[in-house]
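Here the structure comes first, spelled out in structure tokens, and everything after it is commentary.
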Amino acid sequence: MEATDNPLPINGGYPVHTFADVKSVYLTYIGDEKGKAMVEKAYLYAKKKHDGQFRKSGEPYIQHPIEVAYILANLQVGPETLASGLLHDVVEDTGTPIDEIKDNFGEDVAKIVNALTKIQRLKLSHRKEVDFEAEDHRKIFLGMAQDVRVIIVKLADRLHNLRTLGALSPERQKAIAKETLDVFTPIAHRLGIYTMQSEMEDLSLKYLEPEKYQEILALLNKKMADRQKSLESLKKRIANILYEHGLPFRMESRVKSIYSIYRKMYLKGHTFDDIHDVLAVRVITKTELNCYEILGIIHATYKPIPGRFKDYIAMPKPNMYQSLHTCIVSGDGNVYEVQIRTEEMDRIAETGIAAHWRYKEGEHYNAKEEQRDIESKLHWFRDFVSVSHEGAKGDAKRFMDALSNDVFNANVYVFTPLGKVINLPTGATALDFAYKIHTKVGDQAVGAVVNGAMAPLNTVLKTGDICEIRTNAVSGGPKPSWLEIAKTSSAKAHIRRFLQRRRGSEVKEERIAKGKAALLESFKAAGYGEEEAIKLVDNEKVYSNFGLKDLDELYEACAVKNPAPSSVMAFLHVKRKPGSYKVLGHNPDKDDKNPVRVEGVTNVAVSLARCCTPVPGDHIVGYVSKGKGIIVHRANCPNVKDAGKRLVPVSWKEDLGISVYPVDITIYANDRPNLLGDIIGALSSKSISVNDISAHISESDRTDSISMTVYVASSKMLEDAFSMLLGLKGVYDCVRIIH
Ligand code: MN
1 MEATDNPLPI
11 NGGYPVHTFA
21 DVKSVYLTYI
31 GDEKGKAMVE
41 KAYLYAKKKH
51 DGQFRKSGEP
61 YIQHPIEVAY
71 ILANLQVGPE
81 TLASGLLHDV
91 VEDTGTPIDE
101 IKDNFGEDVA
111 KIVNALTKIQ
121 RLKLSHRKEV
131 DFEAEDHRKI
141 FLGMAQDVRV
151 IIVKLADRLH
161 NLRTLGALSP
171 ERQKAIAKET
181 LDVFTPIAHR
191 LGIYTMQSEM
201 EDLSLKYLEP
211 EKYQEILALL
221 NKKMADRQKS
231 LESLKKRIAN
241 ILYEHGLPFR
251 MESRVKSIYS
261 IYRKMYLKGH
271 TFDDIHDVLA
281 VRVITKTELN
291 CYEILGIIHA
301 TYKPIPGRFK
311 DYIAMPKPNM
321 YQSLHTCIVS
331 GDGNVYEVQI
341 RTEEMDRIAE
351 TGIAAHWRYK
361 EGEHYNAKEE
371 QRDIESKLHW
381 FRDFVSVSHE
391 GAKGDAKRFM
401 DALSNDVFNA
411 NVYVFTPLGK
421 VINLPTGATA
431 LDFAYKIHTK
441 VGDQAVGAVV
451 NGAMAPLNTV
461 LKTGDICEIR
471 TNAVSGGPKP
481 SWLEIAKTSS
491 AKAHIRRFLQ
501 RRRGSEVKEE
511 RIAKGKAALL
521 ESFKAAGYGE
531 EEAIKLVDNE
541 KVYSNFGLKD
551 LDELYEACAV
561 KNPAPSSVMA
571 FLHVKRKPGS
581 YKVLGHNPDK
591 DDKNPVRVEG
601 VTNVAVSLAR
611 CCTPVPGDHI
621 VGYVSKGKGI
631 IVHRANCPNV
641 KDAGKRLVPV
651 SWKEDLGISV
661 YPVDITIYAN
671 DRPNLLGDII
681 GALSSKSISV
691 NDISAHISES
701 DRTDSISMTV
711 YVASSKMLED
721 AFSMLLGLKG
731 VYDCVRIIH
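Per my numbering, numbering of the sequence shown is gapless, rising by one per residue and ending at 739.
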């Protein structure tokens, strides 16, 4: 092959489009004559204005606005946005006054083009000043915050420039790639425009870290080649099963983007083989209910990996993303992620905000309404806009710091189970979240459930997490160690105040009694009686060793575990007496996790029956099984109706702490949209976790029966849950199941 004079491929090697191509896309969704005429006019106008201009890569300049418009048309934007895309460089590059745009295309288009021109002019700004970068970014944000359409056109413009970046010097390539990752991809991410975000990230990486990019690309290609057969057979099997169940679906495979793999490998320290969701199967179906049905079927067929199930349908991400995610082990032992969503969810997952505002025929577009709508849907956008307004006055550096601290980094948006957004600084924990909800919730917090899994209060929360706080009125309240866990100053202040109040109110005598009891308890566990124990600790050597004066001071100190009773015992070389272990293990109401007491019997294995799932508060009986100890059933469980002599009286213990017990229930309802979401939302609002949901819809009478396992602490809690569920529209019965 002979060498060519121009090594640069036309249009960066991407398919070259004509205006006719753009038109064939937008004609599928724009039908009104005025709109069509405006786009056509914008094209002819831009073509004339850019006539005689060429891009660095050699093609006529008009190719760039055409490609920008092609990207926009695929997002199904309206005629004004398409026209703005075609005209976006006219004012800047051809010296056309903005008023001419206004006269020809109206105020809306002129405003968008004007904002884009201002952003574009930053290129020409004086680049020696220290703050130039911050100043540029500030202006970009200010320009874009005015109108979401400006953002979308600017993103399309940047995407095409990245595709054709090969024509620029390596220095400019790196600068543009870096700016893209600093400014534009975070915005695309927040707006949920995934297709643009991931392509821009991959292209930027290609110029910033060419070696790593190629390395990952090679790993990815190899994995795809290795797994092709396995993936195809998994898809085929899932397709067969879904087909048998008569569920509507289509399937796709999705490959993780190079940039997300790069992040996992180089910013989070994973190895390529650690990343489980490199290849995913995506099942796209019709309704939300179908999604859960398909999930149930897949989990019944393949072993799911615990902790990897995420329900973004009930709890969407802040950028509106919805889908069910689960990880399964396929028949051949490979791990795959499976994503399940409806067509509409898929559209929003790919193009985010653009899907939401895609042009709808016959509806009058109202920019103000769109802006309002955007702000209520995306909380971060409101912050973005208000920071932008403030920033208009201050200096650029401070503005950028505020913006990146308050909007892009520092703000973590965490959801309550009901979907309310709680705004927290970066690094904030579940404990901060608890105090943000209410002081009382914070003071009584005993644990958290983050994204459906139990988590300690020191769990650091991320944007999109769904957090609920487990409380207990007799939890004992904040501990000094909480000051380390809390990150927000308001939570710390509450904790400090609580601790001060308690210190004041707890009189010395109480502390002495408490410490004495704790000390004696430890000795008792080791087989020492009270007198014997006191004789040992009432010892000058003990006091002086711990810097104390007398026995009372020792007790008082033990009350706050300084020293802990175990340290005192260790100092005295106290050894457990033979046989004392049993005493510790069978202090039945304290150390025994077993919630049920068997009358007159100790030291027996007790378990709760899976058939009737009893919970505290239920009338119960114990069934003496062969070899499995005593199995506790509900008194009315048919499985023990004829057991007669094998039944023994049992009762619930009084202080059961905060344990929850599984109960299998079925909810009957008339089918309606969002039913399942409302049910799960209602249960979450009562801090009731849910598992193993399966829903069946009767085609004949449009009724749903939804079975699930709920986790409750008592029969009272379950009754309350039932009356709440019965209050939901469409729900007509709730029953406990006996298998
Ligand atoms: Mn441009």
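Ideal Cβ positions, reconstructed from N, Cα and C, are used throughout, including at glycine.
Closest Cα partner of residue i within the set the options
i      : options                        : result
Asp346 : Gly58, Met251, Gly427, Val624  : Met251
Pro79  : Lys47, His50, Lys36            : Lys36
Ser698 : Asn691, Glu719, Ser685, Asp671 : Asp671
Tyr661 : Ala682, Val574, Ser687         : Ser687
Pro456 : Ala428, Ala473, Gly352         : Ala428
Glu654 : Pro595, His189, Leu683         : Pro595
Cys611 : Leu431, Val16, Arg634          : Arg634
Gly730 : Asp678, Glu179, Ser24, Ser714  : Asp678
Pro480 : Ala473, Ile495, Ile469, Val474 : Ile495
Close Cβ partners of residue i (< 7 Å) along its chain, the five nearest in sequence each way excluded
i      : result
Tyr14  : Arg163
Ser522 : Pro565, Ser566, Met569
Thr471 : Val441, Gln444, Ala445, Val446
Asn451 : Lys310, Asp465, Ile466
Val735 : Ile665, Thr666
Asp157 : Val68, His88
Leu520 : Glu530, Ala533
Through-space distance from residue j to residue i, alpha-carbon basis
i      : j      : result
Lys235 : Val281 : 7 Å
His438 : Ala445 : 10 Å
His739 : Lys514 : 48 Å
Ser257 : Lys487 : 34 Å
Cys327 : Ile294 : 14 Å
Ile631 : Ala609 : 6 Å
Lys48  : Leu217 : 41 Å
Val130 : Asp274 : The predicted position of Val130 is uncertain, since its pLDDT is 37 and thus under 50; a value taken from the coordinates is nonetheless stated next. Cα-Cα distance, rounded: 42 Å.
Lys524 : Lys716 : 37 Å
Tyr312 : Gln76  : 25 Å
His696 : Val615 : 26 Å
Val22  : Tyr70  : 5 Å
His573 : Ala559 : 21 Å
Ala557 : Lys549 : 11 Å
Gly269 : Ala721 : 44 Å
Asp93  : Val25  : 27 Å
Ala643 : Gly331 : 43 Å
Glu719 : Asn691 : 18 Å
Met265 : His276 : 12 Å
Cβ shell of residue i (< 6 Å), same chain only, five flanking positions each side left out
i      : result
Tyr668 : Ser705, Tyr732, Asp733
Ala392 : With a pLDDT of only 49 at Ala392, under 50, the local geometry of the prediction cannot be trusted, and the value read off the model is given with reservation. Hits under 6 Å: none found.
Gly727 : none
Lys286 : Pro248
Paired residues, beta bridge with residue i - DSSP
i      : result
His633 : Val621
Asn670 : Thr703
Met224 : For Met224, which the question treats as bridged, DSSP gives no partner whatsoever.
Limits of the unbroken alpha helix (DSSP H) element including residue i
i      : result
Ser522 : 508-525
Cys558 : 551-559
Asp443 : 439-443
Ala300 : 288-301
Gln63  : 63-74
Ile193 : Note, Ile193: premise wrong, no alpha helix (DSSP H); not H, not E.
Thr613 : Neither: Thr613 is in no alpha helix (DSSP H) and is coded neither H nor E.
Gln173 : 170-179
Thr96  : From DSSP, Thr96 is part of no alpha helix (DSSP H); its letter is neither H nor E.
Asp79  : Reading off the sequence shown, one finds Pro at residue 79, where the question assumed Asp. Note, Pro79: alpha helix (DSSP H), 79-87.
Phe184 : Run containing Phe184: none; DSSP gives neither H nor E here.
Val537 : 530-537
Ile737 : Segment: none, Ile737 is in no alpha helix (DSSP H) and carries neither H nor E.
Boundaries (first-last residue) of the beta strand (DSSP E) holding residue i
i      : result
Ile469 : 467-471
Phe19  : Careful: Phe19 lies outside any beta strand (DSSP E), inside the alpha helix (DSSP H) at 19-26.
Asn691 : 689-698
Met708 : 703-712
Ala280 : 279-285
Arg163 : Taken as a continuous stretch (DSSP letters only), Arg163 belongs to no beta strand (DSSP E), being part of the alpha helix (DSSP H) at 148-163.
Close-in-space but distant-in-sequence residues of the same chain around residue i (CB under 8 Å, 5 per side omitted)
i      : result
Leu279 : Lys223, Met224, Arg227, Leu231, Ser253, Arg254, Val255, Lys256, Tyr336, Glu337
Ser651 : Val596, Arg597, Glu599, Ile620
Arg55  : Tyr61, Gln63, His64, Thr164, Ala167
7 Å Cβ cutoff, residue i in contact with chain B
i      : result
Arg263 : In the structure shown, chain B cannot be found, because there is only a single protein chain.
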